[in-house]
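**Q** The numbering used here applies: residue 9 is where the sequence shown begins, and numbers increase by one.
All residues carry an ideal CB built from backbone N, CA and C; glycine is no exception.
The structure presented is a predicted model; accordingly, all values stated were derived computationally and were not measured.
Questions regarding the structure given below will be posed in turn.
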Amino acid sequence: MAGTIINVITVIIGSSLGLGFGRLFPQRARDTIVAGLGLFTTAIGLKMFFETQNELIVLGGLLLGGLLGEYLKIESRLSGLGERLEKRFGGEGEGDEDADGRSTFVRGFLTASLVFCVGPMTILGALQDGLTGDYKLLAIKSVLDGFASFAFASTLGLGVIFAAPVVLLYQGGISLLAAQIKVLLTEAMIAEMTATGGVILVGLAISSLLEIKPIRVANFLPGLVVSPVIVALVRLVGGGS
């Protein structure tokens, strides 16, 4: 759990600095920073996708996971959580809406939560921390998340800092369950989970960071579970992967 604690602290510090000093930057500069993060997130997502050993498994994971996410209304539930947090903690200006009619507080909460929790560093780093106590990978992720949270908070506001508890629960939960998860996950499963997470990150960049097209990105999160299940099923029927 040590790596996750460090990660949560860097997110809180980065967000606080972004809230305190980010407004000193002109809006054009802040927009450019977020666009840069969007481009970087796209590049990272594509790199993750190229980890796949079978593109059809990623496609199946996304489609089935997306349907499951729509049924569970994950995006709506997360947005509702963000709205409740906004009502309790949001200050003046936090209720402003973006081009899609979504509160900037909610957008900041959703964007930061997804960026900080979707990716190979989150899963592999949490596993490594939980199994061996080696949190080096999560320490690197913490530095990246700290800078990202500063940039997000300077533009998207207070909602970003509330991604910290999400990181604690999700990443910390993986570390605590590391022994059981490690037994279940093969290298092939991790590769397809990573590739699916990469596509989700690209969707996040397109939707929230570059604002090209609205996408209910959170509804694809079940794909992170569905993809390794498909790998297991393919191996079970002897088709290979």
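Go ahead and label Asp3 buried or exposed: buried means 16 or more other beta carbons lie within 10 angstroms of its beta carbon, across all protein chains shown.
**A** This structure gives no information on residue 3, because the portion of the chain shown stretches from 9 to 249.
**Q** Quick one: measure Cβ to Cβ for Gly73 and Pro230, integer angstroms, because I've assumed they're closer than 8 angstroms.
**A** Translated into the one-based positions of the sequence shown, residue 73 becomes position 65. Translated into the one-based positions of the sequence shown, residue 230 becomes position 222. About 4 angstroms separates the two Cβ atoms, so the contact holds.
**Q** Contact between the region 34-48 and the region 192-209: three or more CB pairs below 8 angstroms?
**A** Taking 8 angstroms as the limit for Cβ pairs, the verdict is that the region 192-209 does not touch the region 34-48.
**Q** Take Ala203 as the anchor and find which of Lys144, Gln61, Gly30 has the nearest alpha-carbon.
**A** Here residue 203 is taken as the residue at index 195 of the sequence shown, counted from 1. Considering only alpha carbons, the answer is Gln61.
**Q** Grab me the residues of Ser157's own chain with a C-beta within less than 7 angstroms of its C-beta, minus the 5 sequence neighbours each way, in chain order.
**A** On the sequence shown, residue 157 is found 149 positions in, with the first residue counted as 1. The residues are Val19, Gly22, Ser23, Gly26, Ala120, Val168.
**Q** Using only alpha-carbon positions, find the residue among Gly116, Val114, Leu177 that is nearest to Ala134.
**A** For the purposes of this step, residue 134 is identified with residue 126 of the sequence shown, where counting begins at 1. Of the listed residues, the one whose Cα sits closest to Ala134 is Leu177.
**Q** Along the alpha helix (DSSP H) that carries Arg243, what are the first and last residues, could you check?
**A** Here residue 243 refers to the residue found at position 235 of the sequence shown. Here the alpha helix (DSSP H) through Arg243 covers 231-244.
**Q** Quick one: give me the first and last residue of the alpha helix (DSSP H) that Leu193 is part of.
**A** Sequence index remark: in the sequence shown, residue 193 carries index 185 (1-based). Counting along the chain, Leu193 falls outside any alpha helix (DSSP H), and DSSP gives it neither H nor E.
**Q** By alpha-carbon positions, which one of Thr130, Phe29, Leu212 ends up nearest to Gly11?
**A** Along the sequence shown, one-based indexing puts residue 11 at 3. Minimum Cα distance to Gly11 is reached at Thr130.
**Q** Using DSSP with H/G/I as helix, E/B as strand and the rest coil, what is Pro222?
**A** If you number the sequence shown from 1, residue 222 lands on position 214. Here Pro222 sits in coil by DSSP.
**Q** If I measure Cβ to Cβ from Ala199 and keep anything under 7 angstroms in the same chain, skipping five residues before and after, which residues do I get?
**A** Along the sequence shown, read from residue 1 onward, the residue named residue 199 stands at position 191. Here the set comprises Glu59, Thr60, Gln61.
**Q** Does Gly11 come out as helix, strand or coil in the three-state DSSP assignment?
**A** Looking up residue 11 in the sequence shown gives position 3. DSSP places Gly11 in helix when its eight states are reduced to three.
**Q** If you drop the 5 nearest sequence neighbours on each side, which residues of the same chain put their C-beta closer than 6 angstroms to that of Leu76?
**A** By 1-based counting over the sequence shown, the position of residue 76 is 68. Same-chain partners within the cutoff: Pro230.
**Q** Measure the alpha-carbon distance for Ser249 versus Gly141 and round it to whole angstroms.
**A** Counted from its first residue, the sequence shown places residue 249 at position 241. Counted from its first residue, the sequence shown places residue 141 at position 133. The pLDDT assigned to Ser249 is 44, lower than 50, so where the model puts this residue is not dependable; a value taken from the coordinates is nonetheless given after this. Each residue's Cα considered, the two are about 32 angstroms apart.
**Q** Taking only the alpha-carbon atoms, compute the straight-line gap between Val245 and Glu63 and give it to the nearest angstrom.
**A** Residue numbering aside, residue 245 sits at position 237 when the sequence shown is read from its first letter. Residue numbering aside, residue 63 sits at position 55 when the sequence shown is read from its first letter. C-alpha separation (whole angstroms): 18 angstroms.
**Q** Can you tell me whether DSSP reads Pro34 as helix, strand or coil?
**A** In the sequence shown, residue 34 corresponds to position 26, counting from 1. Residue state, collapsed to three classes: coil.
**Q** Rounding to the nearest angstrom, what Cα-Cα distance links Ile52 and Ser235 in this structure?
**A** Within the sequence shown, numbered from 1, the residue matching residue 52 stands at position 44. Within the sequence shown, numbered from 1, the residue matching residue 235 stands at position 227. Going from the Cα of Ile52 to the Cα of Ser235 covers about 19 angstroms.
**Q** Could you tell me if Ala256 is buried or exposed, where buried requires 16 or more neighbouring beta carbons within 10 angstroms of its beta carbon?
**A** The structure shown does not extend to residue 256, since the chain is modelled only from 9 to 249, so the question has no answer here.
**Q** Straight-line CA distance for Leu32 to Arg38?
**A** Taking the sequence shown and counting its residues from 1, one reaches residue 32 at position 24. Taking the sequence shown and counting its residues from 1, one reaches residue 38 at position 30. C-alpha separation (whole angstroms): 10 angstroms.
**Q** Can you give the Cα-Cα distance for Thr50 and Lys221, rounded to whole angstroms?
**A** Here residue 50 refers to the residue found at position 42 of the sequence shown. Here residue 221 refers to the residue found at position 213 of the sequence shown. Roughly 14 angstroms separates the two Cα atoms.
**Q** Run through DSSP, which three-state label would Tyr79 get?
**A** Translated into positions along the sequence shown, residue 79 becomes position 71. Note: Tyr79 maps to helix in three-state DSSP.
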